[in-house]
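Student: The structure is given below, and queries will be raised subsequently.
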Amino acid sequence: MTDDLRDLYQDLILDHGKRPRNFRAIDNANHHALGHNPLCGDKIDLFVAVDEAGIIQDVAFQGSGCAISVASASMMTEMLKGKTEAEAAKLFDYLHHSCTGKPADETGLDEDAVDRIKALAGVRDYPIRVKCATLAWHTLQSALKSKAKVSTE
Ligand code: ZN
2 MTDDLRDLYQ
12 DLILDHGKRP
22 RNFRAIDNAN
32 HHALGHNPLC
42 GDKIDLFVAV
52 DEAGIIQDVA
62 FQGSGCAISV
72 ASASMMTEML
82 KGKTEAEAAK
92 LFDYLHHSCT
102 GKPADETGLD
112 EDAVDRIKAL
122 AGVRDYPIRV
132 KCATLAWHTL
142 QSALKSKAKV
152 STE
């Protein structure tokens with residue numbers, strides 16, 4: 002990624018933090034989970050509607066948190082619409098590895114999603130922020146398994 006592109010995506014994170022997309026509840030969601038990052042105070046209430054074919058039809062969230070947790074959740078909702086649960090799981094692995102500095106394999110992943118995740122992965126230089134950036138995704142895992150509550154601790 003070039004420096005210009007990196008700046009562009011950092012602007013994107015700021016924008017999503019200020020004006021989150023899909024910030025609402027979904028009445029007919031068949032998956033739901035609450036996520037909490039006690040280190041920062043981030044809270045997320047995540048709704049997912051998955052159809053019978055396993056395709057994510059709608060994702061939305063409510064809650065409150067720091068700009069990084071809100072931006073990450075907002076960008077996640079945009080990335081996941083139309084994806085299968087299996088694709089969502091691969092993106093989660095990619096994000097998790099990228100944010101913790103492990104080798105991350107982007108083979109077969111949506112290029113736009115990969116670029117957004119690379120921008121978010123800038124948090125790996127600030128370990129306390131990694132939980133902010135990954136909270137929405139941990140909550141997604143929990144929602145898809147339909148566990149009631151998730152904590153990063
Ligand atoms: Zn946070």
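For the sequence shown, counting from 1, position 105 maps to 106 in the working numbering; every step adds exactly one.
From the three backbone atoms N, C-alpha and C, an ideal C-beta is built for every residue, glycine too.
For Y10, count neighbouring C-beta atoms within 10 Å of its own C-beta (all shown protein chains included) and say buried if the count is 16 or more, exposed if not.
Tutor: Working through the sequence shown from its first residue, we reach residue 10 at position 9. With 16 or more other Cβ atoms within 10 Å, it is buried.
Student: Excluding sequence positions up to five away, which residues of its chain have a Cβ less than 8 Å from the Cβ of K148?
Tutor: What you label residue 148 is simply residue 147 of the sequence shown in a count that begins at 1. Its pLDDT being 44, under 50, K148 is placed unreliably by the model, and nothing is read from it.
Student: For K150, which of helix, strand or coil comes out of DSSP?
Tutor: Locating residue 150 in the sequence shown gives position 149, where the first residue counts as 1. With a pLDDT of 49 at K150, under the threshold of 50, the modelled position of this residue cannot be trusted; read the value that follows with caution. It is a strand residue.
Student: Should E86 and G55 be called a contact, given that it needs their Cβ atoms to be closer than 8 Å?
Tutor: Taking the first residue of the sequence shown as position 1, residue 86 is located at position 85. Taking the first residue of the sequence shown as position 1, residue 55 is located at position 54. Cβ distance < 8 Å, so E86 and G55 count as in contact.
Student: I need the straight-line Cα distance from C41 to R20, nearest angstrom please.
Tutor: Residue 41 sits at position 40 when you count from the first residue of the sequence shown. Residue 20 sits at position 19 when you count from the first residue of the sequence shown. One C-alpha to the other measures close to 20 Å.
Student: Output the distance between the C-alpha atoms of A61 and D4, rounded to the nearest integer angstrom.
Tutor: If you number the sequence shown from 1, residue 61 lands on position 60. If you number the sequence shown from 1, residue 4 lands on position 3. So the two alpha carbons sit approximately 31 Å from each other.
Student: How should K132 be labelled, buried or exposed, when 16 other C-beta atoms within 10 angstroms of its C-beta is the threshold for buried?
Tutor: The residue given as residue 132 occupies position 131 in the sequence shown. Flag for K132 reads buried.
Student: Could you tell me if H139 is buried or exposed, where buried requires 16 or more neighbouring beta carbons within 10 angstroms of its beta carbon?
Tutor: Translated into positions along the sequence shown, residue 139 becomes position 138. Looking at its Cβ environment, which holds 16 or more other Cβ atoms inside 10 Å, H139 is buried.
Student: According to DSSP, what are the bridge partners of K44?
Tutor: Locating residue 44 in the sequence shown gives position 43, where the first residue counts as 1. Per DSSP, the beta-bridge partners of K44 are H37, S65.
Student: Since T101 is in the alpha helix (DSSP H), which residue starts that stretch and which ends it?
Tutor: The residue you call residue 101 lines up with position 100 of the sequence shown. Segment: none, T101 is in no alpha helix (DSSP H) and carries neither H nor E.
Student: First and last residue of the alpha helix (DSSP H) that includes L110?
Tutor: Locating residue 110 in the sequence shown gives position 109, counting from the first residue. Taken as a continuous stretch (DSSP letters only), L110 belongs to no alpha helix (DSSP H), as it is neither H nor E.
Student: Got a sec: does the ligand ZN put a non-hydrogen atom nearer than 7 Å to the Cβ of S143?
Tutor: Here residue 143 is taken as the residue at index 142 of the sequence shown, counted from 1. Checking every heavy atom of the ligand ZN against the Cβ of S143, none is found closer than 7 Å.
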